[in-house]
Amino acid sequence: PAAGDTIPNTILVSRALIEETIRRRVNELDDVTLRSGDSVDGLIGSGGSVHGVRLRTGERIHASLVVDASGRGSRCEKWIAQAGGEAPEKATVDCEVIYADALMKPAPQDRHGRGWRVLKVDHAPGQGRRGGIIFEIEHGLWLVGLSGCLGERPPRTEEDWLKYADGLPDSELSNFIRRATFLSPVSRIATTGNVRRYWESTSQSAGFLALGDALCAPNPLYGQGITMAGLQALALQTSLAQSRLAPGGGPLSARAAGAAQRACAKAIESAWGLASGTDDLRLQLERNPPLLVVLGLFWVIVSLVRGISSAPAAILSVVRHEGNATPQDMGDAAIQASTPTKAVQHAAAEGRQGSAGACCVACACGKTVLTLASSMPRMCVECCCSDCRQALEWAASRGGPSAPAVPRWQYFDNDIEHV
Numbered sequence: 251p252a253a254g255d256t257i258p259n260t261i262l263v264s265r266a267l268i269e270e271t272i273r274r275r276v277n278e279l280d281d282v283t284l285r286s287g288d289s290v291d292g293l294i295g296s297g298g299s300v301h302g303v304r305l306r307t308g309e310r311i312h313a314s315l316v317v318d319a320s321g322r323g324s325r326c327e328k329w330i331a332q333a334g335g336e337a338p339e340k341a342t343v344d345c346e347v348i349y350a351d352a353l354m355k356p357a358p359q360d361r362h363g364r365g366w367r368v369l370k371v372d373h374a375p376g377q378g379r380r381g382g383i384i385f386e387i388e389h390g391l392w393l394v395g396l397s398g399c400l401g402e403r404p405p406r407t408e409e410d411w412l413k414y415a416d417g418l419p420d421s422e423l424s425n426f427i428r429r430a431t432f433l434s435p436v437s438r439i440a441t442t443g444n445v446r447r448y449w450e451s452t453s454q455s456a457g458f459l460a461l462g463d464a465l466c467a468p469n470p471l472y473g474q475g476i477t478m479a480g481l482q483a484l485a486l487q488t489s490l491a492q493s494r495l496a497p498g499g500g501p502l503s504a505r506a507a508g509a510a511q512r513a514c515a516k517a518i519e520s521a522w523g524l525a526s527g528t529d530d531l532r533l534q535l536e537r538n539p540p541l542l543v544v545l546g547l548f549w550v551i552v553s554l555v556r557g558i559s560s561a562p563a564a565i566l567s568v569v570r571h572e573g574n575a576t577p578q579d580m581g582d583a584a585i586q587a588s589t590p591t592k593a594v595q596h597a598a599a600e601g602r603q604g605s606a607g608a609c610c611v612a613c614a615c616g617k618t619v620l621t622l623a624s625s626m627p628r629m630c631v632e633c634c635c636s637d638c639r640q641a642l643e644w645a646a647s648r649g650g651p652s653a654p655a656v657p658r659w660q661y662f663d664n665d666i667e668h669v
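The sequence shown stops at residue 669 when you use the working numbering, and every number in between is there.
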């Protein structure tokens, strides 16, 4: 966040730029050596202890700790068994998601003034099996992805790929990409199932642990892979700082390796539950036709009351007006998060400073103040729906602040200390 700003900003870039930047930074570390073009062909070890790796060239590299970060295609289950260790149990939740993406250059009229940096269109559960997304990345280019599941397969040819986008529940994304120019061929990936290897539940091998997709590979559509790997790396760093290497350069003890492996697994529990749980729900819906009928009726009801249910501000309005919120109340002044000066001063004057780390949320006039237990939002999103825009325009017409082109909503834990 910028200085004085409690709202995290999102930077969208290509994977190639992320990986090149990380590689360059790591390569600058004095105690790290990167080797390209070498393939590992097995582990060195016996009796459940790992002492290093064997390269395809026959070279043997000895180490106190071998970290398997080779991705969802890891072969270490087999190699650990060959070294006398225990292979982990594996869980898979696969919706047979296939996605096909392409790098595109937007049309001149679409480069500015769109009001979004990410455009996502999906069928609601039970309403279809297609999805699409546009990310604006570096140099103003677009990374466009189309997806399908349980039998829907986005094509590889450019024209068929564009026609596939016409089948999305909203035509906006299709219209944008039909005006854009292809900068790369369409590439398709079909290995997307959620895969969890429970290395932490095995009789841990000394000198070895798994990290990243080798431990937990979520469906790539959820965009959690790199973040999950980062969380595991931090957990590994903390755990290893509390361990001691064996004298004489021997492998890290099974106890220390096990503690580090459990720490890595704990770091990604919630992310695994989100990805696998969402896909498991979709599978259950597809296997239960009567439930799909009920769900279809649900979406009809949602569409009828969308003016109330779709605007995030409605939740705060209900709290603010003790359950008497109207559609107009959803836009009753822009919600001021972080620490609006007048609101905080007003709350302090009334003796409502809240606990340490708390923040105040207030309507623009400052007459109503909510004191929240945490000052950091769980999530911050920009919304382009007509409901949010109309509510804020209504508020502006009643003397509130001017409605932004793209409202920015902030989601906090619902621990309200004072109203």
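Note that the Cβ used here is the ideal one computed from N, Cα and C, for glycine as well. Only a predicted model underlies this, so the values are computations on that prediction, with no experimental measurement involved.
Could you pull out every residue in the same chain whose Cβ sits closer than 6 Å to the Cβ of residue i, ignoring the five residues on either side in sequence?
{"i": "Ala653", "result": "Leu642, Glu643, Ala646"}
{"i": "Glu450", "result": "Gln511, Arg512, Ala515"}
{"i": "Pro233", "result": "Only positions 251 to 669 of the chain appear in the structure, and residue 233 is not among them; the question remains open."}
{"i": "Ser289", "result": "Arg306"}
{"i": "Thr452", "result": "Glu336, Pro338"}
{"i": "Cys326", "result": "Asp318"}
{"i": "Pro470", "result": "Thr442"}
{"i": "Pro673", "result": "This structure leaves residue 673 out entirely; the chain is present only between 251 and 669."}
{"i": "Gly395", "result": "Tyr349, Asp351, Ile383"}
State the Cα-Cα distance for the pair residue i and residue j, rounded to the nearest angstrom.
{"i": "Val300", "j": "Ser455", "result": "7 Å"}
{"i": "Thr442", "j": "Leu267", "result": "22 Å"}
{"i": "Ala430", "j": "Thr621", "result": "46 Å"}
{"i": "Gly457", "j": "Ala513", "result": "16 Å"}
{"i": "Ser314", "j": "Val371", "result": "48 Å"}
{"i": "Trp522", "j": "Ile261", "result": "23 Å"}
{"i": "Ile427", "j": "Ile439", "result": "20 Å"}
{"i": "Val347", "j": "Arg265", "result": "20 Å"}
{"i": "Arg379", "j": "Arg275", "result": "40 Å"}
{"i": "Ala509", "j": "Ser489", "result": "7 Å"}
{"i": "Glu270", "j": "Arg322", "result": "21 Å"}
{"i": "Gln492", "j": "Gly401", "result": "49 Å"}
{"i": "Val568", "j": "Leu531", "result": "Low confidence applies here, because Val568 scores a pLDDT of 25, under 50, leaving its location unreliable and the question unanswered by this model."}
{"i": "Leu486", "j": "Ala319", "result": "13 Å"}
{"i": "Asp360", "j": "Gln660", "result": "27 Å"}
{"i": "Val619", "j": "Cys613", "result": "7 Å"}
{"i": "Asp582", "j": "Gly650", "result": "In this prediction, Asp582 scores a pLDDT of 31, lower than 50, which makes its location untrustworthy; no coordinate-derived value is stated."}
{"i": "Cys399", "j": "His362", "result": "33 Å"}
{"i": "Leu418", "j": "Cys638", "result": "23 Å"}
{"i": "Ala506", "j": "Ile311", "result": "21 Å"}
{"i": "Arg648", "j": "Pro657", "result": "18 Å"}
{"i": "Cys615", "j": "Ala357", "result": "42 Å"}
{"i": "Ala623", "j": "Arg273", "result": "39 Å"}
{"i": "Glu536", "j": "Cys610", "result": "44 Å"}
{"i": "Ser324", "j": "Gly365", "result": "42 Å"}
Report yes if the CB atom of residue i is closer than 8 Å to the CB atom of residue j, and no otherwise.
{"i": "Pro338", "j": "Tyr448", "result": "yes"}
{"i": "Leu433", "j": "Leu502", "result": "no"}
{"i": "Leu369", "j": "Ile384", "result": "yes"}
{"i": "Val316", "j": "Gly302", "result": "yes"}
{"i": "Leu305", "j": "Asp291", "result": "yes"}
{"i": "Gly480", "j": "Asp463", "result": "no"}
{"i": "Trp411", "j": "Val445", "result": "no"}
{"i": "Leu293", "j": "Asp351", "result": "no"}
{"i": "Ser286", "j": "Gly334", "result": "no"}
{"i": "Gly381", "j": "His373", "result": "yes"}
{"i": "Pro405", "j": "Ser397", "result": "no"}
{"i": "Lys355", "j": "Leu391", "result": "yes"}
Looking only at its chain, what residues have a beta carbon closer than 7 Å to the beta carbon of residue i, apart from the 5 residues adjacent to it on each side?
{"i": "Asp416", "result": "Ser424"}
{"i": "Cys466", "result": "Arg446, Met478, Ile518, Trp522"}
{"i": "Arg367", "result": "Leu262, Glu386"}
{"i": "Glu408", "result": "Phe432, Val436"}
Residue range of the beta strand (DSSP E) that residue i falls in?
{"i": "Val316", "result": "316 to 318"}
{"i": "Trp392", "result": "392 to 398"}
{"i": "Asn444", "result": "444 to 447"}
{"i": "His389", "result": "That residue, His389, is in no beta strand (DSSP E); it is neither H nor E in DSSP."}
{"i": "Gly287", "result": "Looking at the DSSP string, Gly287 is not in any beta strand (DSSP E), and its letter there is neither H nor E."}
{"i": "Gly706", "result": "The structure shown has nothing for residue 706, since the chain only spans 251 to 669."}
{"i": "Thr621", "result": "619 to 622"}
Need the endpoints of the alpha helix (DSSP H) that residue i sits in, please.
{"i": "Arg275", "result": "265 to 277"}
{"i": "Asn425", "result": "422 to 429"}
{"i": "Leu433", "result": "Unbroken run through Leu433: none, as it is neither H nor E."}
{"i": "Leu412", "result": "408 to 415"}
For residue i, which residues in the same chain have their Cβ closer than 8 Å to its Cβ, ignoring the five residues on either side in sequence?
{"i": "Asp344", "result": "Thr442, Gly443, Asn444, Asp529"}
{"i": "Leu461", "result": "Val317, Asp318, Ala319, Ala479, Gln482, Ala483, Leu486, Cys514"}
{"i": "Asn277", "result": "Leu284"}
{"i": "Gln332", "result": "Gly292, Leu293"}
- Counting only runs that start and end within the stretch 456 to 532, where is the beta strand (DSSP E) found for 3 or more residues in a row? 458 to 460
- Whole beta strand (DSSP E) elements within the stretch 333 to 373, 3-residue minimum: 340 to 343, 348 to 355, 368 to 372
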